[in-house]
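Protein chains in written order, with the working numbering: chain H, 2 to 260; chain A, 2 to 260. Ideal Cβ placement from N, Cα and C applies to all residues, glycine included. First comes the structure, then the notes that go with it.
Protein chains: 2
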Amino acid sequence: MKPLILISNDDGVEARGLRVLADVAHEFADVVVMAPERNASAKSLSLTTTRPLRVRDVHQEEGLSIHCCDGTPVDCVKLAVEYFCPRQPDLLLSGINHGSNSSINVIYSGTMGAAIEATALGLSAIGFSILSHKPDVDFEPAVPYVRHIIGQALDHGLPPQTALNVNIPHLPADRLRGIRLCHQARATWRNSFERRVDPQGRPYWWLTGRFECDDTSDGNDERTLGQGYVSVVPVRSDYTCYSVIPQLQYLSLDSPNSL
Amino acid sequence: MKPLILISNDDGVEARGLRVLADVAHEFADVVVMAPERNASAKSLSLTTTRPLRVRDVHQEEGLSIHCCDGTPVDCVKLAVEYFCPRQPDLLLSGINHGSNSSINVIYSGTMGAAIEATALGLSAIGFSILSHKPDVDFEPAVPYVRHIIGQALDHGLPPQTALNVNIPHLPADRLRGIRLCHQARATWRNSFERRVDPQGRPYWWLTGRFECDDTSDGNDERTLGQGYVSVVPVRSDYTCYSVIPQLQYLSLDSPNSL
């Protein structure tokens, strides 16, 4: 039996990146797509708790079915695994996102939210992003990398419950230099909100901001992308920062009577 | 000058847990509260990108100001740090959440979303949750633990850019046994959606699900909470899973011509 790949994204079911990813995945596997009906960027791992979801069937052919729902990327993954996949998927793919999810962007990303959710369900997962927000971005140079990474992941398997955050520079094919395993660069968004005043004189705040990265460590994803490599950062749904537990033992308390 | 503590949550500005936390924090510091206007549970680290935010001032007294906005917990933190804090906060507190954020719940939680966002802004942060969803839950037994942890964090400082995920059993004071440093238990939500049919015969799906944890490892937060201890799990906004990078080197590629 062919492998089964489930695909979602956060740019919505109409995004070109989703169709490009589905086409590449279909070379390897039967494919089920469940994507948000509309753009759900920056939804992180949010869930829809206050209303039910509706599903719409968008496309059906041999080995490829495309659905959308009015939920978040995480809703899409949960719903598809339970109701729309004919068997347990071998892999969840998310993307190809129009815009970077490198560095700190991973924590807000709906694309990576879908991938992290998949690992919480026990699946392997890969989120793909290209470093251009243009709806009509040229995916052609990225496709051989996407194909290579999917093929390798299916052949070798990923470590249990691991998601890969794959970012691809927006460059012509002859300037893409290869693939590097990376860690997440330390960076932040400065001046995240802009204050404006409405015609009635009342203030309101628009999300905006400037990405700032001063991380010069070897092998961080921002730096690696800047050198023309595709970056691959492994992430998981276990958020524990094990390395600082020893330093925090001063917080532990055995005699509550002392409180 | 007194320390400054910024407070947010995901249950909304009217939640009792928020007021309890603000009162305890006010014993140590000047306090600014910026909370979602309404319940924003399960919003994870989502951002509001498609509309501007409005802010409402709820309460003002010496050293304590309470505001709310129509955004997510992460929006609240960003907005408050930039526009509503008179100086850089020494600590971000989030909660006290009505309901557990232990184990896998951390990835969906708006309470912990606010705390993780704070670490991305370079702050130390603590998210507090009590293991009861009741709006009128008795916080009295929890308060000495909340006070102890805030005091220790202000005295000792937390490791850089670290958030603590603190969960408190819903037990009488004489059955709370102390505080333990923990790691996140491996668990999942099963049967996350329930399919129903509307009066017109069309299907819809409601979020539901059953929490399942089969993790028997020593020091996981679920087990520790079950033993009557307050659990403390450190988390960060660096999601990199460093331990699997060596195993994934088969994905690296130096000669793109081979693709």
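Residues of the region 230-254 of chain A that bring their beta carbon within less than 7 Å of a beta carbon in chain H comprise Val233, Val234, Pro235, Val236, Arg237, Ser238, Asp239, Tyr240, Thr241, Cys242, Tyr243, Val245, Ile246, Gln248, Leu249, Gln250, Tyr251, Leu252, Ser253 and Leu254, in sequence order.
Residue contact with chain A for H:Gln61: absent (no Cβ-Cβ distance below 8 Å to any residue of chain A). Residue pairing by DSSP places A:Gln61 opposite A:Ser66 in a beta bridge. Secondary structure of A:Ile131 (DSSP, three-state): strand. Taking C-alpha positions only, H:Ser103 is separated from H:Ala164 by approximately 14 Å. Residue burial annotation: A:Lys44 is buried, with at least 16 other C-beta atoms found within 10 angstroms of its C-beta. DSSP, reduced to helix, strand and coil, places A:Val245 within a helical segment of the structure shown. Sequence-ordered contacts of the region 152-179 of chain H with chain A read Gln153, His157, Pro160, Thr163, Leu177, Arg178 and Gly179 [C-beta pairs closer than 7 Å]. Secondary structure at A:Val25: helix, using DSSP grouped into helix, strand and coil. Neighbours of H:Ala143 in chain A, taken as residues whose beta carbon is under 9 Å from its own, are absent, since the nearest beta carbon is some 11 Å off. Under the Cβ criterion of 8 Å, H:Arg55 is counted among the residues facing chain A. Of A:Arg57, A:Leu80 and A:Ala16, the smallest CA-CA separation from A:Thr49 is found for A:Leu80. Close partners of H:Leu208 in chain A (Cβ separation under 7 Å): Leu48, Thr49 and Thr50. Note on A:Met35: 16 or more other CB atoms within 10 angstroms of its CB, so buried under the neighbour-count rule. Residue-level contact check: A:Phe212 does not touch chain H, since none of the beta carbons of chain H fall below 8 Å from its beta carbon.
Relative to H:Val234, the option among H:Ser101, H:Lys135 and H:Val138 whose CA is nearest is H:Ser101. Taking CB atoms only, A:Ala126 has no neighbour in chain H less than 8 Å away. With fewer than 16 other beta carbons inside 10 angstroms of its own, A:Thr51 counts as exposed.
In this structure, A:Val138 lies away from A:Leu22, with their beta-carbon atoms at least 8 Å apart.
8 Å or more divides the Cβ of A:Tyr240 from the Cβ of H:Val59. Within the DSSP bridge table, the entry for H:Cys214 names H:Ala188 as partners.
Going by beta carbons, A:Ala154 and A:Ser133 fall outside the 8 Å limit. In the three-state DSSP reduction, A:Ala119 falls in the helix class (H, G or I).
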